[in-house]
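Input: a single structure, listed below in C-alpha cells.
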Amino acid sequence: MRWTEAHIPTLRDAPADAEAISHKLLVRGGFIRQLSAGSYSMLPLGQRVRLKVIDIVRKEIDAIGGQEMILPTLHPAEIWERSGRDGLMGENLFRLQDRKDGDLVLGMTEEEIFGMLASELSSYRDLPQIWYQIHTKFRDEPRPKSGLLRVREFTMKDSYTLDIDSSGLDAGFVKHHEAYKRIFKRLGMSAVDVQASSGAMGGTESIEFIQRSDAGEDWIVTCDKCDYRANLEKATSALEPLDDGEPADLERFATPGLRTIKALAEAHPDIAGAEKSIKTLVYFADDEPVLALLRGDHDLQEQKLLDATAASEARPAKVEEIRELLGADPGSLGGVGVEGMTVLVDLALEGRHNLATGANEDDWHYKGVNIARDMTVTAYVDLREVKNGESCSVDGGTLEMWKGIEVGHIFKLGTMYSEEFGAYVQDPDGSSHPIIMGSYGIGIERGMAAIVEASHDENGIVWPLSVAPYEVLITVVRSDDSETLAAAERLYDGLRSLGVDTLIDDRVERPGVKFADAELIGIPFRVTVGPRGVESGMFELTVRDGMHKEELALESAAISMKSKLDEALEIISG
RNA sequence: CGGGACGUGGCGCAGUUUGGUAGCGCGCAGCGUUCGGGACGCUGAGGUCGUGGGUUCAAAUCCCGCCGUCCCGACCA
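If you use our numbering, the first sequence corresponds to residues 470 to 1043, in order.
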C-alpha cells in the first residue's frame, strides 16, 4: 500500500482525559475512532490488525475441529426469558422493540441459539461437535472505559462444544485450553491461564486467560514457587493453624459501645482478638437474606458469595433490614441462635471454638462460641478474599497479586441450556441424555488493545509481527528525489512480489515526520531509503522492537528482508 | 446509579469569574525556501460556541431543563 493512497490520519494530540495508553496510541495512530461511549470505528489500519487477529483465532479453532457459522445477533427476547438469562443479565442486556412491539434483545453471547440448533441433533453419533462464530456482541455496560478494553459493541469468537458425557466435555475443554494458549502466543501476548469463577455463565469450571497490565480490571493471584494462578474471585490460600484451646461454655458479656472487631479486640485482647472473632455480614443474594460469617481479620469476596448462593446479584443489607432480621445494628451481630436464614460460614472458621461474636442485641457479645455447637450452619464454603503475601495452598509459596486484562474465558457449562432448549441425544442403549455444553470466548478488539498495552514504548506501538497492519514499512526519506523514489519503488515491488505485506511512505514530508509516524503506528520492520543510501548502495533496516539498526545491500534488499521475515515468523509459530 | 469534570473549526485547547457578537497551537489549501528525527515565511479556507428554553438593548459567558463524553466508585463473563 502507498501511504499517499491510504487513510492513515495520525494525530499529534490524543484525548487528554483518556486513561488507557492503548486507547491513546490507537487513536493517535489512526487505528480507531470513537463514535460514542463504548462504540468504535475500525479505520483501515485497525481493521488490518483486527483481521489478522481474527485469522489466527480462526485457524486455531479450525485446527481443533471447529466449524464456523454465523448466527443472528438480534434475538427474540423470549429466548432469553426461557434460558433465564433475561433476568440474570439485567441491565447489561440491550433490549429493543420492533414495529409490532415485539421484544427483542441483542446477543451478549449465544448459548441459547447454539443450544436451539443443537436440539436438531438426535444421536450420540452426531457428537462431539465444536461450533463457533466470530461475530458482534452487545453489552450495555454501565461504564464503558479505557478505549477498546471495555466497550458496548465488539467482536467475539465464541465457540461451543457439544458432548454426550463429561469426559467428552473435558476433552473439548482441554482442546480449547491448548488452542487458546497457542492463539495468545501467536498473537505475541504473554497471557496466562488462571482459575476463575464462572459467574453468571453458570457451570462447573472455568479458566480465564489474562494479559498482565495495570490497565486491566482483574486481580490475579499467583504463587512464586508453583504454577498456581487464580483470579482473586476464586483464589484460595493456606492459613496458619490456630489453637483454640479447650472448648468453653457459651457466655454472654456486655460490650457497651464496642461496634467494631478492632474495638472489641482492643478492649478484650484475651478473648476477642480479630483471629478469635467472627465477622458477621448480612447480604441479600437475589433478594434472599444470607448471613456470611468470616474470621474477624478476613474480608468477604463477593463473587464467592454469589457462587455459593448461585445468585446473580448480591448486595449488603441496609441497616434497617438488618435490624428487622436480627434485632440489632451492625457491630453487635452474630450467627448464634439464628434460624430460618441461610448461614454461610467461611472454611477458615470450620471446627473453630472459643470465639467471640455479636449477640444480636446492641452492646452485647458472646464468647466461648463453638460454631458447630452453637450455630445452625447451612454450609461451610470458601468466602474469604485472599490477601497479598499469604501462603499458597498448594506448596506454601508466597502469593503475589497483580492486575490483568481478561482476554479469553473458557467454561464447562453442563446441561442447563440443552435441557431448556431440548437438545437431547440418544446413547447406544437408546436412552436420552441432554447434550453437555462448553462455551469459549475471545474478545477480538480487547485482544488488540491488550497487545498494545503490553507492547509499546514512549514513541508508539510495537506490534508483534503476526498482527502488525503491515510487516514492512519503507520510509522514503526524499520522495521528491526521483532517483531515491525509484529505488524505493523497486524495493516495494520486490517485497510485494515476494508476498510481503508492505507499506511505502511516499509522502512528500520531512524525515522527522515520517520517522515519528513510523514509530507511532508500530510496523515491525522499517527500511529507510534515502539519497545517502542510494549513493552508497545500502538501505537501513530498523527493527521497531528495540529500534536496532542494520544495513541491507541495495540490490538484494528485498530478498534479505524476506528471509528475515521468514526467520521471525518461524520463531513465532515454532 | 453515586461523586467529580468537561462539551468552543478536523484534532488539542484558551476565552465563561467581570455579558458587548470568537481566539491560539496543530492539521488543511496555495506560493516560496528548507528537509536523514515532528522546519520556516507569506497568503488563505474552515466555527448554528452540544441542545432547548429563560434573563437582557445585547449571551460562548448568567439562570433552568435535557443530551453527550471522560475520570473515580458501584457494577461487570
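Ideal placement from N, C-alpha and C gives every residue a C-beta, glycine not left out.
Note that the coordinates shown come from a computational prediction; the quantities given were computed from them, not determined experimentally.
Check                                                                                                       : Outcome
Local Cβ density within 10 Å of ALA1026, reported as buried at 16 or more and exposed below that            : buried
With 16 other Cβ atoms within 10 Å as the buried cut-off, status of MET625                                  : buried
Cβ pair count under 8 Å reaching 3, the region 661–679 against the region 535–545                           : no
Three-state secondary structure (DSSP) of ARG995                                                            : strand
Straight-line Cα distance separating PRO738 from GLN503                                                     : 58 Å
For TRP932 and HIS1044, the rounded distance between their alpha carbons                                    : Since the first residue shown for the chain is 470 and the last is 1043, residue 1044 is missing from the structure and cannot be characterised.
GLU709 - DSSP class collapsed to helix/strand/coil                                                          : coil
Distance CB(LEU565)-CB(LEU573) smaller than 8 Å                                                             : yes
Beta-carbon gap between SER628 and GLY534 smaller than 8 Å                                                  : no
Ranges of the beta strand (DSSP E) found wholly within the region 922–963, counting only runs of at least 3 : 941–945
Whole-Å CB distance - GLY685 paired with GLU610, under 8 Å assumed                                          : With a Cβ gap of about 16 Å, GLY685 and GLU610 do not count as contacting.
Cβ distance (whole Å) where ALA743 is taken to contact ASP766 below 8 Å                                     : 4 Å
Residue of PRO484, GLY515, GLU819 and ALA777 minimising C-alpha distance to ILE913                          : GLY515
Same chain only: Cβ atoms within 6 Å of PRO942, ignoring 5 sequence neighbours per side                     : Reading off the sequence shown, one finds Leu at residue 942, where the question assumed Pro. So the list reads LEU972, ALA987, ILE992 and ARG995, once near-sequence residues are dropped.
Whole-angstrom distance between SER675 and THR778, CA atom to CA atom                                       : 17 Å
Cα-Cα separation, TRP549 to PRO785                                                                          : 28 Å
Spatial distance of PHE678 from VAL876 (CA atoms)                                                           : 6 Å
Stretch pair the region 633–653 + the region 901–908: three plus CB contacts closer than 8 Å                : yes
Per DSSP, the bridge partner or partners of PRO758                                                          : PHE753
CA-to-CA distance, MET1016 to VAL946, given in whole angstroms                                              : 18 Å
Buried or exposed (CB count within 10 angstroms, at least 16 for buried), ALA736                            : exposed
contact_flag[the region 831–847, the region 857–866] where n(CB pairs < 8 Å) is 3 or more                   : no
THR944 versus LEU763, LEU590 and ALA956, residue with shortest Cα-Cα distance                               : ALA956
Bridge-paired residues (DSSP) for TYR893                                                                    : PRO903
Whole runs of the alpha helix (DSSP H) within the region 547–617, excluding any shorter than 4 residues     : 554–558 and 580–587
Start-end ranges of the beta strand (DSSP E) lying completely within the region 506–532, minimum 3 residues : 508–511
Top-ranked residue by Cα proximity to GLU927, from LYS773, ILE501, VAL855 and SER491                        : SER491
PHE642 - containing alpha helix (DSSP H), residue span                                                      : 635–655
Residue interval of the alpha helix (DSSP H) (run including GLY1002)                                        : 1000–1005
Beta carbon of VAL838 nearer than 8 Å to that of THR826                                                     : yes
Cβ-Cβ separation, MET917 to VAL522 (assumed contact under 8 Å), whole Å                                     : 6 Å
Buried or exposed (CB count within 10 angstroms, at least 16 for buried), LEU934                            : buried
Nearest neighbour of GLU622, chosen from SER636, TYR509 and ALA699 [CA to CA]                               : TYR509
Cross-strand partners of TYR909 (DSSP beta bridge)                                                          : SER628 and ILE879
Segments of 3+ residues assigned as beta strand (DSSP E) that fall wholly inside the region 751–811         : 757–764 and 783–785
Inter-residue CB distance, GLY616 and ALA489 (contact presumed, cutoff 8 Å)                                 : 5 Å
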